[in-house]
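Accompanying notes for the structure given below.
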Amino acid sequence: DAGVTQSPTHLIKTRGQQVTLRCSPKSGHDTVSWYQQALGQGPQFIFQYYEEEERQRGNFPDRFSGHQFPNYSSELNVNALLLGDSALYLCASSFLQGTSYNEQFFGPGTRLTVL
Amino acid sequence: DQQVKQNSPSLSVQEGRISILNCDYTNSMFDYFLWYKKYPAEGPTFLISISSIKDKNEDGRFTVFLNKSAKHLSLHIVPSQPGDSAVYFCAASVWTGTASKLTFGTGTRLQVTL
Numbered sequence: 056d057a058g059v060t061q062s063p064t065h066l067i068k069t070r071g072q073q074v075t076l077r078c079s080p081k082s083g084h085d086t087v088s089w090y091q092q093a094l095g096q097g098p099q100f101i102f103q104y105y106e107e108e109e110r111q112r113g114n115f116p117d118r119f120s121g122h123q124f125p126n127y128s129s130e131l132n133v134n135a136l137l138l139g140d141s142a143l144y145l146c147a148s149s150f151l152q153g154t155s156y157n158e159q160f161f162g163p164g165t166r167l168t169v170l
Numbered sequence: 639d640q641q642v643k644q645n646s647p648s649l650s651v652q653e654g655r656i657s658i659l660n661c662d663y664t665n666s667m668f669d670y671f672l673w674y675k676k677y678p679a680e681g682p683t684f685l686i687s688i689s690s691i692k693d694k695n696e697d698g699r700f701t702v703f704l705n706k707s708a709k710h711l712s713l714h715i716v717p718s719q720p721g722d723s724a725v726y727f728c729a730a731s732v733w734t735g736t737a738s739k740l741t742f743g744t745g746t747r748l749q750v751t752l
């Protein structure tokens, strides 16, 4: 079992550009959540995808968008990059059961640097 | 609005002693609380959790205590080992009606010295 995988590992972009980050969930998982971790901070929830739909969104602007594919993998897109978007982007997968907490497994993250 | 707070950015403990990491929260709707451990260049790894209806959960060397009236939880590691040196994040979960959403604290860096 490969666990949660993310690509690329590192990425350098300039202000105003667009970026796409990718995530493959752990085998058997159907839900993908994305988090942004700025330096010295804890991960902040961006959004969660289930059944190819955005189910919940955190306090992030519309420049942040996502997609989930039929095989449950997911992409995070960020448009019009700002210097403040520099962070570690984490993907977490889980299996949706009931209406309570479902354990989330995290990938290693993608380090995005915006110059 | 920081709903989950870890007020100690760092903690140093001698090997074999107890490590106590603290976390405070403000949202009474949180129904699960979790601790994650993070090494550099890796994603957070789940350590232990506790439901809001319990006050203690134990797993080997790790015990989490929840005090709902004080909106406070703590992680005890006994005995501490050098391999425990990492950043520990407290997180809280709430079911929003459509999804389970995690809110993290800012982390406490634990260093276990020989």
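Residue numbers (the working numbering), protein chains in the order written: chain A, 56 to 170; chain B, 639 to 752. For glycine and all other residues, C-beta sits at the position ideal for the given N, C-alpha and C. For clarity, every value in this text was computed on a predicted model and none was experimentally measured.
Classify residue i as helix, strand or coil using the three-state DSSP reduction.
i              : result
residue 138(A) : helix
residue 735(B) : coil
residue 117(A) : coil
residue 662(B) : strand
Which residues of chain A have a Cβ atom closer than 7 Å to the Cβ of residue i, listed in chain order?
i              : result
residue 731(B) : 156
residue 654(B) : Here the premise fails: no neighbours, minimum Cβ distance about 29 Å.
Please report the Cβ distance between residue i and residue j, rounded to the nearest whole angstrom; I am assuming they are in contact, meaning their Cβ atoms lie under 8 Å.
i              : j              : result
residue 663(B) : residue 155(A) : With 8 Å as the limit, residue 663(B) and residue 155(A) do not qualify as a contact, their Cβ atoms being about 17 Å apart.
residue 104(A) : residue 129(A) : 6 Å
residue 726(B) : residue 745(B) : 7 Å
residue 87(A)  : residue 123(A) : 6 Å
residue 660(B) : residue 641(B) : The pair is not a contact, with the Cβ atoms about 15 Å apart (cut-off 8 Å).
residue 111(A) : residue 736(B) : 6 Å
Would you mind telling me which residues of chain B sit closer than 9 Å to residue i, beta carbon to beta carbon, in chain order?
i              : result
residue 105(A) : 736, 737
residue 19(A)  : Nothing can be reported for residue 19(A), as the shown portion of chain A is limited to 56 through 170.
residue 100(A) : 739, 740, 741, 742
Using the beta-carbon of each residue, which ones in chain B are nearer than 7 Å to residue i?
i              : result
residue 164(A) : 681
residue 145(A) : 681
residue 83(A)  : Result: empty, since nearest Cβ-Cβ is about 16 Å, beyond 7 Å.
So residue i contacts chain B; which residues on that side make the cut at Cβ distance below 8 Å?
i              : result
residue 118(A) : In chain order: nothing, as chain B lies at least about 20 Å away.
List, in order along the chain, the chain A residues whose C-beta lies closer than 9 Å to that of residue i?
i              : result
residue 698(B) : The contacting residues do not exist; residue 698(B) stays about 17 Å from chain A at best.
residue 669(B) : 155, 156
residue 684(B) : 158, 159, 160, 161
residue 727(B) : 97, 98
residue 745(B) : 95, 96, 97
Name, please, each residue of chain A whose Cβ falls closer than 8 Å to the Cβ of residue i.
i              : result
residue 659(B) : Here the premise fails: no neighbours, minimum Cβ distance about 13 Å.
Which one or two residues does DSSP pair with residue i in a beta bridge?
i              : result
residue 124(A) : Per DSSP, none; premise fails for residue 124(A).
residue 167(A) : 66(A), 142(A)
residue 112(A) : 102(A)
residue 132(A) : 75(A), 120(A)
residue 670(B) : 689(B), 731(B)
residue 147(A) : 88(A), 161(A)
residue 764(B) : The structure shown has nothing for residue 764(B), since chain B only spans 639 to 752.
residue 650(B) : 749(B)
residue 677(B) : DSSP lists no partner for residue 677(B).
With a threshold of 7 Å, establish whether the CB of residue i neighbours any heavy atom of the ligand SAH.
i             : result
residue 58(A) : The ligand SAH is not part of this structure, which contains no ligands at all.
Fully enclosed by the region 683-718 of chain B, which beta strand (DSSP E) runs are 3 residues long or longer?
-> Look at the region 683-718 of chain B and you find these whole runs of beta strand (DSSP E), each 3 residues long or longer: 683-689, 694-697, 700-705, 710-715.
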